[in-house]
Amino acid sequence: MKRVKILFRRTGLLAVALALAVQAFAVVAPASAASGTATWTGAAGDHKFSTAGNWAGNTLPVAGNTLVFNTAPAGDGDETIDNDISAVFGGLTMSATTGGNKRFLLSNDLSLENGAIIQRTAYQASVGFVSGKGIVGQGGLTFTSSGQEMWSSIIKSMAGVLTINHAQFYGHVPAGATGLVIENEAEWRCSALNITTPVTLGGNGGPGIFHVGGCSGVGGSDPVVTITFSNITLQANSMVGVYTNDIVNVTDLTTNGYTLTRLDGADGTLNTPAGSQSTTYTEKTTQLDGDTGNSSDYRVIVPKETAYLNGKRDFINVREGGTLKGNGSAKDIQVMGTIAPGNSPGKITVTDTFVLGDTGVYQAEILNKDSYDQILAGDVSLNGALDLSFLPGGSVTQGDTFTIISNTGTNPVNGEFSNLAQGAQITVGGATFSINYQGGDGNDVVLTAINTATAPGAPNTGFFAPTLANPVVIALLGLGSMIVLLIVRKQVRR
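Number 1372 in the numbering used here belongs to position 146 of the sequence shown; there are no gaps in the numbering.
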């Protein structure tokens, strides 16, 4: 009993000890959520959430904080982080402007509160998870990314509606999602064949767009893919990208006075309770003038269409069979058809990402070292072919260089032209060029003339080229000359 009495006499000390223990435990599981952000720096070097030196201001994140990753992994590849703080955080932001495709890989599940926002603001380093781990949403979640790519695979489970706001979202409906909202001109590239989760398209500033295929090999020209949506509700006029041989069936559609149509350039079949939609293309020319680059302008160049970009746009998708020309600019350009800068020759500027797909062709023309086609882009991915022309009357000197793609970003060129490996040579019109994908300041695509050459023929520069090529005109000019000579001779005889 004496020991018990002594113990109770020290209740003041016990209270202090208990308070300290609670405070220490709060780092692991705080009792109440906090607002604000916690920014990862990794400065301590041990790759642990629980080390204060890895966070800006040496301040550990607590429940309710939005975790911010605004840098890229320091090494050459992905970096694994031990997220060993067990708390429900308020959101996740990825805003690195360098780092390419490198990722921070979290080694444990990451719990996010109901209504948490997962945001990606730049097409650079991102956050992922080791195998089997991912985001665990305690309720609904929102993806927003200013048009950048987001993958559903980072969500392990959730318990509410998933909202996709102005993002390019790839993948299946996450486990536990009770609904999917695609709003503010967001895009969803789905890969499931039978989607029973209720889907709402449009709202909050713009239409909803979903594409058949885009991941896991679903969609495309072969084989025929049929995807069925059981329940779609429209909150704005919205679109479906359903491509060659693909079929989308919508069995239950609530329109609320809006329309659901196929995305311009989509040539598969869309079946809704209102009927079936399909497309036949005809030759047409489109002028993309003016400045709409500050708004989300998704423009598709369809087969048999030639578009002249002499203004400013947001996103341009050139479908196979379509052609993009001009001297304008766009935020992002994806080419599965043909891109031919200028009006022979010229320059197209891509402020963010230029992608030449596997069926894409870059038609580049060279007149001389001061006049040739060029694409300026912040990030470059090449899978398609180069179609090079040496214009009539053109001339090059051995050693002349031609930066046909000027990579204004810091990342190396991703890929090569399908018909030209690094250092390969190409000959056109008597001129031979070698190609370098690490040219210029280290990440430009540069052609170098191997020999001195002049292209056959002369450039058509005005009236006389087509006029003098016409035999009728030549005959008339000859007759006119004879008449003039006769008149002159008569005048002389008088």
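We treat Cβ as the ideally placed atom computed from N, Cα and C, and that holds for glycine.
Cβ neighbours of residue i in the same chain (closer than 6 angstroms, five flanking residues each side left out)
| i | result |
| --- | --- |
| residue 1626 | 1595 and 1675 |
| residue 1283 | none |
| residue 1276 | 1310 and 1311 |
| residue 1430 | 1409 and 1410 |
| residue 1424 | 1405 and 1457 |
| residue 1345 | 1319 and 1370 |
| residue 1680 | 1621 |
| residue 1555 | 1538 and 1575 |
| residue 1401 | 1383 |
| residue 1651 | 1658 and 1660 |
| residue 1513 | 1534 |
| residue 1452 | 1473 |
| residue 1353 | 1295, 1320 and 1330 |
| residue 1480 | 1459 |
Other residues of its chain near residue i: CB distance less than 8 angstroms, five sequence neighbours each side excluded
| i | result |
| --- | --- |
| residue 1553 | 1535, 1536, 1567, 1568, 1569, 1572, 1573 and 1574 |
| residue 1683 | 1618 and 1619 |
| residue 1314 | 1259, 1289, 1290, 1337, 1338, 1339 and 1364 |
| residue 1356 | 1306, 1331, 1332 and 1333 |
| residue 1649 | 1660, 1661 and 1662 |
Through-space distance from residue j to residue i, alpha-carbon basis
| i | j | result |
| --- | --- | --- |
| residue 1312 | residue 1378 | 23 angstroms |
| residue 1437 | residue 1393 | 13 angstroms |
| residue 1655 | residue 1593 | 11 angstroms |
| residue 1267 | residue 1281 | 5 angstroms |
| residue 1309 | residue 1399 | 25 angstroms |
| residue 1526 | residue 1542 | 6 angstroms |
| residue 1615 | residue 1585 | 19 angstroms |
| residue 1496 | residue 1403 | 25 angstroms |
| residue 1468 | residue 1601 | 30 angstroms |
| residue 1412 | residue 1332 | 27 angstroms |
| residue 1665 | residue 1671 | 6 angstroms |
| residue 1264 | residue 1642 | 39 angstroms |
| residue 1375 | residue 1322 | 14 angstroms |
| residue 1270 | residue 1295 | 15 angstroms |
| residue 1466 | residue 1359 | 32 angstroms |
| residue 1476 | residue 1613 | 42 angstroms |
| residue 1460 | residue 1386 | 19 angstroms |
| residue 1343 | residue 1317 | 5 angstroms |
| residue 1397 | residue 1368 | 15 angstroms |
| residue 1272 | residue 1532 | 55 angstroms |
| residue 1583 | residue 1560 | 7 angstroms |
| residue 1673 | residue 1530 | 30 angstroms |
| residue 1635 | residue 1503 | 41 angstroms |
| residue 1261 | residue 1419 | 40 angstroms |
| residue 1524 | residue 1415 | 15 angstroms |
| residue 1463 | residue 1646 | 44 angstroms |
| residue 1691 | residue 1348 | Below a pLDDT of 50, predicted positions are generally treated as unreliable, and residue 1691, at 38, falls in that range; the measurement from the model is reported next regardless. Their Cα atoms are separated by approximately 50 angstroms. |
| residue 1562 | residue 1426 | 29 angstroms |
| residue 1587 | residue 1678 | 27 angstroms |
| residue 1597 | residue 1488 | 41 angstroms |
Cβ-based neighbour list, residue i, same chain, cut-off 7 angstroms, excluding 5 preceding and 5 following
| i | result |
| --- | --- |
| residue 1328 | 1298, 1299, 1303, 1304 and 1351 |
| residue 1606 | 1580, 1631, 1633, 1639 and 1640 |
| residue 1341 | 1365 and 1366 |
Anticipated Cβ contact below 8 angstroms, residue i with residue j, distance rounded
| i | j | result |
| --- | --- | --- |
| residue 1408 | residue 1381 | Contact doesn't hold; Cβ gap of about 15 angstroms is too wide. |
| residue 1589 | residue 1623 | Wrong, their Cβ atoms sit about 23 angstroms apart, outside the cutoff. |
| residue 1609 | residue 1644 | 6 angstroms |
| residue 1576 | residue 1611 | The pair is not a contact, with the Cβ atoms about 18 angstroms apart (cut-off 8 angstroms). |
| residue 1578 | residue 1591 | Actually they are not in contact, since the Cβ atoms of residue 1578 and residue 1591 sit about 25 angstroms apart, beyond 8 angstroms. |
Residue closest to residue i, alpha-carbon to alpha-carbon, out of the options
| i | options | result |
| --- | --- | --- |
| residue 1494 | 1513, 1500 and 1472 | 1472 |
| residue 1274 | 1322, 1602, 1315 and 1334 | 1334 |
| residue 1293 | 1339, 1421, 1301 and 1270 | 1339 |
| residue 1428 | 1485, 1621, 1673 and 1582 | 1485 |
| residue 1455 | 1433, 1499 and 1509 | 1499 |
| residue 1662 | 1561, 1375, 1628 and 1412 | 1628 |
| residue 1383 | 1336, 1396 and 1363 | 1363 |
| residue 1657 | 1316, 1637 and 1621 | 1621 |
| residue 1301 | 1323, 1321, 1659 and 1330 | 1330 |
| residue 1478 | 1463, 1488, 1501 and 1462 | 1501 |
| residue 1516 | 1667, 1540 and 1317 | 1540 |
| residue 1389 | 1356, 1422, 1434 and 1421 | 1434 |
| residue 1324 | 1678, 1677 and 1637 | 1637 |
Below-8 angstroms beta-carbon distance, residue i vs any chain D residue
| i | result |
| --- | --- |
| residue 1630 | The structure shown contains no chain D, having only a single protein chain. |
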